[in-house]
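Asks:
Chains as they are written, first to last, in this note's numbering: chain A, 1 to 329; chain B, 330 to 658.
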């Protein structure tokens, strides 16, 4: 129950008793939350397509139907990503001429946000899908994140346009024919450099990049914490100061712990309001499975923003404008 | 001139005057270094195949021919990776029944080393190539790095065997039929967890993973350093201690800087002796383009080790033993 803004109306979809008891625990008494019962819940470990067949009336399906019917403007889920993609595509449907939906994740490693698309909706991409991802994420960066004329990079193994596998080569050719602010191929080392605002890759590569980054960042924060603790212990041993060594140590430690908290946020995409599933006819935000209340609140805010700005209308227009391109290939 | 072990004989291949003047600068007087002249040098920015055609008698080609002719046991290069792969494959040739050479990089994020193959030699992999990469890197981990029964993981977007693109699915099936210690699919988050000793992926994905990790690690070390400096400044402001605040700060700072240096090494693969190009008929070690003398020394040591252990004989035997497998698919 993260959101208490009076101008937003929330439907909480799930097993009714569970949702109601959580509301009670949170001491909720307002009237802008409505509980909608679902008969089933798709678990994180479930195989998405399988689960959708077996578990009729699951919470994600019920929530998507609220959007489909127009009762709700957007759906936010921190559940099974594959199920979100399947329900988003099947129940909400794709926007006209959009071939595949893609998940766009936002990082903020430096002063500007970086959007990576696709991070796992589509592991069998064609060049046309990647082109559409670039168009959609570019609009998202401009309209929702406020980036003027976003630079779009294609994730590849080298900067020269002839580099990479056949998908990358074909996609590079397609992008060069667009009016997008195309920066050409970029390498892995540029993902976190902030040179590009939008990074396009197929969902297989994007998912691996996302999770490698998550794993490495965690590992490094751990290593850093150990380093800090050892340095502080080393200092305590070396300090033959007349004052108690406990005091300054405690302070350095505390200050560093605060800084580390901030560091973790910089590379934690759950801070940035979840990841929209771009290309579906409705707003669907996929939040990280281990989102806390703050992350869910951010995701709800992002969903509200995307609806307010009517991003999908812009996407449909732009995709239509570009759709002649594929015939020229 | 990194190596001064009397039992190793080095050929330094390059533009003769440049090499000789470097030797003079280093004050070299021993007799276990021989300078071999090359007419050309392939630059880092050169397109590999193009450059090999244009620049006949380049240093990497001359060096590979020393191995081919039996005068040298191994070649170490910190030059153009694509050129190394092309020369390794064309000049040294592949081991019997090996389909593609693969670059194996070693990280040590935790107590055990992790080998990732392929990080860029082959961006158009087939399942059979990935299988052979697993076999070769498994032998490398066992024989050269001393890992008993290395656990081999296939980098994918989910752990279930039916996950991923068609290449990943087919490769998973192939691996399950081997006697390798196959851990199944692993996700990006597991690359640095140390759960697997060998991680197999196609060169497109592997190159991006390698470079994303490099970029993220650097970015995080920068962020850590800023965090440390800010914490120390904050401490200096807050410390109303009677002792001079300069002293303890300087010490904490110094200790932390030392720790950060160690941190960088943990994720810097140049520390681990460069990356062997596995599958070629000879020993070729590709070092990072910005290797320092220590990294080159490590690479020379690794090359020497691979020759001494006769790793290629083991690889040829094992590949032959597995070669019946592809016919059963």
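All C-beta atoms in this analysis are idealised placements derived from N, C-alpha and C, irrespective of residue type, glycine included.
Out of B:396, B:547 and B:376, state which residue places its alpha-carbon closest to the alpha-carbon of residue 636 of chain B.
Replies: The residue you call residue 636 of chain B lines up with position 307 of the second chain. Nearest C-alpha to residue 636 of chain B: B:396.
Asks: Curious, which full-length alpha helix (DSSP H) runs of at least 4 residues does the stretch 381-445 of chain B contain?
Replies: 388-397 and 410-416
Asks: Per DSSP, what are the beta-bridge partners of residue 186 of chain A in this structure?
Replies: For this step, residue 186 of chain A is matched to residue 186 along the first chain. The partner list for residue 186 of chain A (beta bridge, DSSP) reads A:155.
Asks: Please report the straight-line C-alpha distance between residue 281 of chain A and residue 11 of chain A, rounded to a whole angstrom.
Replies: Translated into positions along the first chain, residue 281 of chain A becomes position 281. Translated into positions along the first chain, residue 11 of chain A becomes position 11. Between residue 281 of chain A and residue 11 of chain A, the C-alpha separation is close to 19 Å.
Asks: Who are residue 343 of chain B's beta bridge partners in DSSP?
Replies: Numbered from its first residue, the second chain carries residue 343 of chain B at position 14. According to DSSP, which records beta bridges pairwise, residue 343 of chain B is partnered with B:366.
Asks: Exposed or buried, residue 24 of chain A, counting other C-beta atoms within 10 Å across all chains shown (16 or more means buried)?
Replies: Working through the first chain from its first residue, we reach residue 24 of chain A at position 24. So residue 24 of chain A ends up on the exposed side.
Asks: Comparing the C-beta of residue 219 of chain A with each C-beta of chain B, is any distance below 8 Å?
Replies: Stepping through the first chain from its first residue, residue 219 of chain A is reached at position 219. Chain B contact via Cβ: present.
Asks: By Cβ distance below 8 Å, which residues in the same chain neighbour residue 337 of chain B in space, the five residues on each side in sequence not counted?
Replies: Indexing the second chain from 1 puts residue 337 of chain B at position 8. Taking C-beta separations shorter than 8 Å and ignoring five residues to either side along the sequence, the partners of residue 337 of chain B in its chain run 361, 629 and 633, following chain order.
Asks: DSSP has residue 275 of chain A in a bridge; who is on the other side?
Replies: The residue given as residue 275 of chain A occupies position 275 in the first chain. Paired residue(s): A:286.
Asks: Alpha carbon to alpha carbon, what distance is there between residue 460 of chain B and residue 402 of chain B?
Replies: As a working mapping, residue 402 of chain B is identified with position 73 in the second chain. As a working mapping, residue 460 of chain B is identified with position 131 in the second chain. Taking the straight line joining both Cα atoms gives about 27 Å.
Asks: Is the CB-CB distance between residue 343 of chain B and residue 377 of chain B below 8 Å?
Replies: Here residue 343 of chain B is taken as the residue at index 14 of the second chain, counted from 1. Here residue 377 of chain B is taken as the residue at index 48 of the second chain, counted from 1. Contact flag unset, no.
Asks: What separation, rounded to the nearest whole angstrom, lies between the Cα atoms of residue 574 of chain B and residue 548 of chain B?
Replies: For the purposes of this step, residue 574 of chain B is identified with residue 245 of the second chain, where counting begins at 1. For the purposes of this step, residue 548 of chain B is identified with residue 219 of the second chain, where counting begins at 1. Only weak support is given to the placement of residue 574 of chain B: the predicted model assigns it a pLDDT of 45, under 50, and the value that follows is read from those uncertain coordinates. Those two C-alpha atoms are separated by around 30 Å.
Asks: Can you list, in chain order, the residues of the stretch 503-520 of chain B whose Cβ is nearer than 8 Å to any Cβ on chain A?
Replies: 516, 517, 518, 519 and 520
Asks: Of all the CB atoms in chain A, is at least one closer than 8 Å to the CB of residue 455 of chain B?
Replies: Here residue 455 of chain B refers to the residue found at position 126 when the second chain is read from its first residue. Judged by the 8 Å Cβ criterion, residue 455 of chain B is not in contact with chain A.
Asks: Does residue 123 of chain A come out as helix, strand or coil in the three-state DSSP assignment?
Replies: For the purposes of this step, residue 123 of chain A is taken as the residue at position 123 of the first chain. In this structure, residue 123 of chain A counts as coil in the three-state DSSP scheme.
Asks: In whole angstroms, what separates the C-alpha of residue 96 of chain A from that of residue 626 of chain B?
Replies: Numbered from 1 along the first chain, position 96 holds the residue referred to as residue 96 of chain A. Numbered from 1 along the second chain, position 297 holds the residue referred to as residue 626 of chain B. The alpha-carbon atoms of residue 96 of chain A and residue 626 of chain B are separated by roughly 59 Å.
Asks: DSSP state of residue 212 of chain A, grouped into three classes?
Replies: Stepping through the first chain from its first residue, residue 212 of chain A is reached at position 212. In the displayed model, residue 212 of chain A falls within a helix according to three-state DSSP.
Asks: Would a check of beta-carbon distances place residue 381 of chain B closer than 8 Å to chain A?
Replies: What you label residue 381 of chain B is simply residue 52 of the second chain in a count that begins at 1. Cβ-Cβ to chain A under 8 Å: no for residue 381 of chain B.
Asks: Start and end of the beta strand (DSSP E) containing residue 199 of chain A?
Replies: The residue labelled residue 199 of chain A in the question sits at position 199 within the first chain. Residue 199 of chain A -> beta strand (DSSP E) spans 198-200.
Asks: What number of angstroms, rounded off, separates the C-alpha of residue 372 of chain B from the C-alpha of residue 413 of chain B?
Replies: The residue you call residue 372 of chain B lines up with position 43 of the second chain. The residue you call residue 413 of chain B lines up with position 84 of the second chain. So the alpha carbons of these two residues sit roughly 12 Å apart.
Asks: Please tell me whether residue 209 of chain A has its Cβ less than 8 Å away from any Cβ of chain B.
Replies: On the first chain, residue 209 of chain A is found 209 positions in, with the first residue counted as 1. Interface residue, yes.
Asks: Against residue 216 of chain A, what residues of chain B qualify as contacts under a CB-to-CB distance less than 7 Å, listed in chain order?
Replies: Sequence index remark: in the first chain, residue 216 of chain A carries index 216 (1-based). In chain order: 521, 542, 545 and 546.
Asks: Below 7 Å between beta carbons is the criterion; list the residues of the stretch 128-159 of chain A that meet it against any residue of chain B, in chain order.
Replies: 155 and 157
Asks: Starting from residue 313 of chain A, follow the alpha helix (DSSP H) in both directions and report where the run begins and ends.
Replies: Against the first chain, residue 313 of chain A aligns to sequence position 313. Note, residue 313 of chain A: alpha helix (DSSP H), 311-322.
Asks: Please classify residue 146 of chain A: is it buried, with 16 or more other beta-carbons within 10 angstroms of its beta-carbon, or exposed?
Replies: The sequence position of residue 146 of chain A within the first chain is 146, counting from 1. Looking at its Cβ environment, which holds fewer than 16 other Cβ atoms inside 10 Å, residue 146 of chain A is exposed.
Asks: Listed from N- to C-terminal order along the chain, which residues in the stretch 438-449 of chain B have their beta-carbon within a distance smaller than 7 Å of any beta-carbon of chain E?
Replies: Absent from the structure is chain E; the protein chains it does hold are A and B.
Asks: Within its chain, find whatever has a CB closer than 8 Å to the CB of residue 201 of chain A; leave out the 5 residues flanking it on each side and keep chain order.
Replies: Position 201 of the first chain, counted from the start, is the residue given in the question as residue 201 of chain A. Here the set comprises 116, 117, 118, 130, 154, 155 and 209.
Asks: Contact criterion: CB-CB distance below 8 Å. Does residue 417 of chain B meet it with respect to chain A?
Replies: Looking up residue 417 of chain B in the second chain gives position 88. So, not an interface residue.
Asks: Is there a C-beta anywhere in chain B that falls below 8 Å from the one on residue 314 of chain A?
Replies: Locating residue 314 of chain A in the first chain gives position 314, where the first residue counts as 1. No, its Cβ sits nowhere closer than 8 Å to a Cβ of chain B.
Asks: Distance, Cα to Cα, residue 480 of chain B vs residue 206 of chain A?
Replies: Your numbering for residue 480 of chain B matches position 151 in the second chain. Your numbering for residue 206 of chain A matches position 206 in the first chain. So the alpha carbons of these two residues sit roughly 25 Å apart.
Asks: Does chain B have any CB closer than 8 Å to the CB of residue 85 of chain A?
Replies: Taking the first chain and counting its residues from 1, one reaches residue 85 of chain A at position 85. No, residue 85 of chain A does not count as interfacial toward chain B.
Asks: Mind checking if residue 493 of chain B is an interface residue toward chain A, Cβ cutoff 8 Å exclusive?
Replies: Here residue 493 of chain B refers to the residue found at position 164 of the second chain. Residue 493 of chain B counts as touching chain A.
Asks: Straight-line CA distance for residue 247 of chain A to residue 20 of chain A?
Replies: Along the first chain, one-based indexing puts residue 247 of chain A at 247. Along the first chain, one-based indexing puts residue 20 of chain A at 20. Reliability of the predicted coordinates at residue 247 of chain A is poor, the pLDDT of 45 falling under 50, and the value obtained from them is presented with this limitation in mind. Cα to Cα, the separation comes out at about 47 Å.
Asks: Can you give me the Cβ contacts of residue 454 of chain B inside the same chain, cut-off strictly under 6 Å, excluding the 5 residues immediately before and after it?
Replies: Here residue 454 of chain B is taken as the residue at index 125 of the second chain, counted from 1. 531, listed in sequence order.
Asks: Using a Cβ-Cβ distance cut-off of 8 Å, determine whether residue 376 of chain B contacts chain A.
Replies: Taking the second chain and counting its residues from 1, one reaches residue 376 of chain B at position 47. Yes, residue 376 of chain B counts as interfacial toward chain A.
Asks: With 16 other CB atoms within 10 Å as the buried threshold, where does residue 543 of chain B fall?
Replies: For the purposes of this step, residue 543 of chain B is taken as residue 214 along the second chain, with counting starting at 1. Buried, because 16 or more other Cβ atoms sit within 10 Å of the Cβ of residue 543 of chain B.
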